[in-house]
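The structure under discussion appears below in the form of structure tokens.
Number of protein chains: 2
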Amino acid sequence: MKNMIITISREFGSGGRTIGKQIANTLGIPCYDEEIINKIAHESGLDTNYIKETSEVSEHNWLLNAFSNHLYHGNNVQDYVWLIQCDIITKVANEGSCVIVGRCADYVLKDRSNVLKVFIHADIDFRAKRIVEVYGETDEKPLKRVKEKDKKRAAYYRYYTENDFGEIHNYDIALNSGNIGIDKCVDIIVDLYKHLNG
Amino acid sequence: MKNMIITISREFGSGGRTIGKQIANTLGIPCYDEEIINKIAHESGLDTNYIKETSEVSEHNWLLNAFSNHLYHGNNVQDYVWLIQCDIITKVANEGSCVIVGRCADYVLKDRSNVLKVFIHADIDFRAKRIVEVYGETDEKPLKRVKEKDKKRAAYYRYYTENDFGEIHNYDIALNSGNIGIDKCVDIIVDLYKHLNG
Numbered sequence: 750m751k752n753m754i755i756t757i758s759r760e761f762g763s764g765g766r767t768i769g770k771q772i773a774n775t776l777g778i779p780c781y782d783e784e785i786i787n788k789i790a791h792e793s794g795l796d797t798n799y800i801k802e803t804s805e806v807s808e809h810n811w812l813l814n815a816f817s818n819h820l821y822h823g824n825n826v827q828d829y830v831w832l833i834q835c836d837i838i839t840k841v842a843n844e845g846s847c848v849i850v851g852r853c854a855d856y857v858l859k860d861r862s863n864v865l866k867v868f869i870h871a872d873i874d875f876r877a878k879r880i881v882e883v884y885g886e887t888d889e890k891p892l893k894r895v896k897e898k899d900k901k902r903a904a905y906y907r908y909y910t911e912n913d914f915g916e917i918h919n920y921d922i923a924l925n926s927g928n929i930g931i932d933k934c935v936d937i938i939v940d941l942y943k944h945l946n947g
Numbered sequence: 750m751k752n753m754i755i756t757i758s759r760e761f762g763s764g765g766r767t768i769g770k771q772i773a774n775t776l777g778i779p780c781y782d783e784e785i786i787n788k789i790a791h792e793s794g795l796d797t798n799y800i801k802e803t804s805e806v807s808e809h810n811w812l813l814n815a816f817s818n819h820l821y822h823g824n825n826v827q828d829y830v831w832l833i834q835c836d837i838i839t840k841v842a843n844e845g846s847c848v849i850v851g852r853c854a855d856y857v858l859k860d861r862s863n864v865l866k867v868f869i870h871a872d873i874d875f876r877a878k879r880i881v882e883v884y885g886e887t888d889e890k891p892l893k894r895v896k897e898k899d900k901k902r903a904a905y906y907r908y909y910t911e912n913d914f915g916e917i918h919n920y921d922i923a924l925n926s927g928n929i930g931i932d933k934c935v936d937i938i939v940d941l942y943k944h945l946n947g
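Here the protein sequences come in this chain order: P and X. Quick note, in this note's numbering, the first sequence goes up one by one and the last residue is 947. Quick note, in this note's numbering, the second sequence goes up one by one and the last residue is 947.
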């Protein structure tokens, strides 16, 4: 088999992370999710929690940071993290087949031919229910929390890629995990990976 | 098996029609494509070519028609066709499992639970090449023709559904037929239909 990278972009609460891990387990290839954040922390010296937050701040916050928090050639901390993130994603993609969850990996690797770009989405009610049931979220207003996360992820993606998050043409396959089911999403993507990489 | 409808929304030149026909053949269920147009013609008394054109006119043309071509309770001819089309799509969906290609069937049947909503897209270069090779299009500028068709389909969909054509959340599964291949798209959708309908 050739090297092939699966990027999983996903809406908060859609099960995209679970799907990514299950695909990687089934195929016996690495899954990079939290690991990317750990690598960024290692390379930047920044705290992992801080790095997680940088992928969800609003454009307003970026603007404030841009004037207050210069670290790297005139760029702010988020831009510094972004550059390290791009570098790490490129490195892990060069190492061999893997699954990369989130972190705009679809965009970072957009000019490669050996990338299967996946988008996982689901209705907002399904996702609000799931973050309580599966993630153990204790927020009293899960629907509001999902909406806020959606806005922040979209703003982050838009800011760094100049594309819309969830724009259908950016993905080889997009699945509604709420209607199709998490396990079936895994089966479809594993099967497609094998077909394209056969 | 229960009744289940597969709606195929597709970009011009993406092979969505071919995919729809192959799915229907494999599953042994009817495929409604041109047949919807024939049924509209039969019910409305309008010419089939005219009906085809009504799904691709621009909003500008609708505006002109709105003032010049009243037939039906103050609506124009396109609105008249739209109402008949909605009625026919609902009727064929009530008759049993089938594939319906285009005609905004995903929107018309959006409140039903037994619908698998599919979107087929592909890069514009793939589509421009395909319309010459497969459809036998003789236009000297296939890229321009694809772009025009995209604009017209999007305008039609937007006008009648008040949604964007290709909005990822409107579909259970979206596939890039250029990257995945027509035959594999068929396999994936047939398999998913069987899974959901098993």
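Virtual Cβ for every residue (Gly too), placed ideally from N, Cα, C. No experiment lies behind these values; they were computed from the predicted model shown.
Selection from the options that minimises the alpha carbon distance to residue i
| i | options | result |
| --- | --- | --- |
| Met753 of chain P | P:Cys780, P:Ser763 and P:Arg766 | P:Cys780 |
| Val826 of chain X | X:Gly794, X:Tyr856, X:Ile837 and X:Arg852 | X:Gly794 |
| Ile833 of chain P | P:Lys898, P:Asp899, P:Glu792 and P:Asn863 | P:Glu792 |
| Arg902 of chain X | X:Pro891, X:Ala790, X:Gly915 and X:Leu892 | X:Gly915 |
| Gly845 of chain X | X:Arg759, X:Leu776, X:Gln771 and X:Asp940 | X:Leu776 |
| Asp828 of chain X | X:Tyr884, X:Tyr906 and X:Thr887 | X:Tyr906 |
| Asp874 of chain P | P:Asn774, P:Lys893 and P:Asp796 | P:Lys893 |
C-beta atoms of residue i and residue j nearer than 7 angstroms
| i | j | result |
| --- | --- | --- |
| Ile938 of chain P | Val867 of chain P | yes |
| Gly765 of chain P | Val895 of chain P | no |
| Cys934 of chain X | Ile768 of chain X | yes |
| Ala904 of chain X | Pro891 of chain X | no |
| Asn919 of chain X | Lys751 of chain X | no |
Bridge-paired residues (DSSP) for residue i
| i | result |
| --- | --- |
| Phe868 of chain P | P:Ser758 and P:Ala923 |
| Ile849 of chain P | P:Thr756 and P:Tyr781 |
Assumed close pair residue i, residue j - CB separation to whole angstroms, cut-off 8 angstroms
| i | j | result |
| --- | --- | --- |
| Glu922 of chain X | Ala923 of chain P | Residue 922 of chain X is actually Ile in this sequence, not Glu. With 8 angstroms as the limit, Ile922 of chain X and Ala923 of chain P qualify as a contact, their Cβ atoms being about 7 angstroms apart. |
| Ile755 of chain P | Ile917 of chain X | Rounded, the Cβ-Cβ distance is 18 angstroms, inconsistent with contact. |
| Val848 of chain P | Ile757 of chain P | 6 angstroms |
| Val850 of chain X | Ile789 of chain X | In fact, because the Cβ distance is near 14 angstroms, the residues do not count as touching under 8 angstroms. |
| Leu865 of chain P | Tyr799 of chain P | Contact flag wrong, Cβ pair sits at about 31 angstroms. |
| Asp899 of chain P | Glu783 of chain P | Wrong, their Cβ atoms sit about 21 angstroms apart, outside the cutoff. |
| Ile838 of chain X | Arg852 of chain X | 6 angstroms |
Neighbour flag for residue i against chain C, beta carbons, 7 angstroms
| i | result |
| --- | --- |
| Asn863 of chain P | In the structure shown, chain C cannot be found, because the protein chains are P and X. |
> Any contact of the region 927-938 of chain P with the region 868-879 of chain P, i.e. 3+ C-beta pairs under 8 angstroms?
Replying inline: Cβ pair count under 8 angstroms is three or more, so yes.
> Using 8 angstroms as the threshold, is the region 907-922 of chain P in touch with the region 855-863 of chain P, meaning 3 or more CB pairs across them?
Replying inline: In short, these stretches touch, since the Cβ pair count reaches three.
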